[in-house]
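Peer 1: In terms of my numbering, the sequence shown opens at residue 40 and continues consecutively.
The beta-carbon is built from N, C-alpha and C at its ideal position, and this holds for glycine as well.
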Amino acid sequence: MTIAYVLHQSLYLNITNRCPCSCTFCLRQNGDSVGGCDSLWLEHEPSLEEIVEALGSYKLDSYQEIVFCGYGEPTERLDVLLKVAAHCKSQGNPPVRINTNGLSDLIWQRETAPLLAGLVDMVSISLNASTKERYLELTRSKFGLPSYDAMLHFAAQCKRYVPKVVFTIVDVVTSAQEQEACRRVCERVGVPLRIRPYES
C-alpha cells in the first residue's frame, strides 16, 4: 500500500481515496498511479501511526516539500492531516503543502482554513474553471453548484492563515480564452494562478 511516494523532488502523502468530486480529467479515471509509482489505491485509510512510520522511511530534509496529495481529497481526513502536519513541523521538516479541491468547508460544514495556521505553508487549490456551471461540468462535485463559490471562499480565507496560496488549472481542459477568464477570477480573489500540465 503506497502511503508516501516521490515526485518532482517532493515527498507526497496519500492518506485517503475519498473525494467529493469525480473530475472528468482525474487520473483516477484512467489508472492507479502517477509518475511510475506503485498503485495509489489504498487497501485501507492509513492511521496516523502508519503515516508517521511511512515518513520515517525517508530522509525528509532531502526533499523540497511534503505534499498531501494522493488518489483522494486530503481534507476528507482533515484531523489526521493536521496531526501529521504538526508532526512534520515538530521535526523541523521541509515546508508542508496541501493540494486540494478547496471543498473542505463543505465536507466539514464549517470554516476550516483557520485550522491550517502554523501547520501548512502552502495551499494549492484546483480552480478548474471560470464559472460555477463549467466547474460543476468538469468536477461533478457531489455538492452541486454551491461548490464553486465555496471553493473561492476557502481560497480567500486561506490567504489569512497560510503563507502561500495558489489556484491551478489543468492545461488540457482549458482553452486560451478560458485560461484568461480564470486569470480574471484569480485577480478578483487575490490569489495567483498556475497553469499546470496534465500528469499521466
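Count the other C-beta atoms from every protein chain shown that fall within 10 angstroms of the C-beta of R116, then say buried if there are 16 or more, exposed otherwise.
Peer 2: By 1-based counting over the sequence shown, the position of residue 116 is 77. Buried is the call here.
Peer 1: Across which residues does DSSP place F107 in a beta bridge pair?
Peer 2: Taking the sequence shown and counting its residues from 1, one reaches residue 107 at position 68. DSSP lists L52, I137 as partners of F107.
Peer 1: Taking the C-alpha atoms as reference points, what is the distance between D100 and V106?
Peer 2: Position 61 of the sequence shown, counted from the first residue, corresponds to residue 100. Position 67 of the sequence shown, counted from the first residue, corresponds to residue 106. When rounded, the distance between both Cα atoms is 13 Å.
Peer 1: In this structure, how does DSSP classify F193 when only helix, strand and coil are distinguished?
Peer 2: The residue given as residue 193 occupies position 154 in the sequence shown. Helix.
Peer 1: Taking the alpha carbon of V162 as the point to measure from, which residue in L232, T41, H47 has its own alpha carbon closest?
Peer 2: Reading the sequence shown from its first residue, position 123 is the one you call residue 162. For the residues L232, T41, H47, the minimum Cα distance to V162 belongs to L232.
Peer 1: Suppose you measure from the CA of E217 to the CA of L66; what does that come to, to the nearest Å?
Peer 2: Here the question's residue 217 lines up with position 178 in the sequence shown. Here the question's residue 66 lines up with position 27 in the sequence shown. Distance between the alpha carbons of E217 and L66: 22 Å.
Peer 1: Going straight from the alpha carbon of E92 to that of L52, what length do you get?
Peer 2: Position 53 of the sequence shown, counted from the start, is the residue given in the question as residue 92. Position 13 of the sequence shown, counted from the start, is the residue given in the question as residue 52. Taking the straight line joining both Cα atoms gives about 12 Å.
Peer 1: Name the residue from H83, T55, C60, Y44 whose alpha carbon lies nearest to the alpha carbon of G141.
Peer 2: As a working note, residue 141 is residue 102 in the sequence shown. Considering only alpha carbons, the answer is C60.
Peer 1: Measuring alpha carbon to alpha carbon, tell me which residue in C62, S78, V228 is nearest T178.
Peer 2: Taking the sequence shown and counting its residues from 1, one reaches residue 178 at position 139. When each option's Cα is compared against that of T178, the closest is C62.
Peer 1: Given a threshold of 16 other Cβ atoms within 10 Å of its Cβ, counted over all protein chains shown, does S143 qualify as buried or as exposed?
Peer 2: Translated into positions along the sequence shown, residue 143 becomes position 104. Per the 10 Å Cβ criterion, buried.
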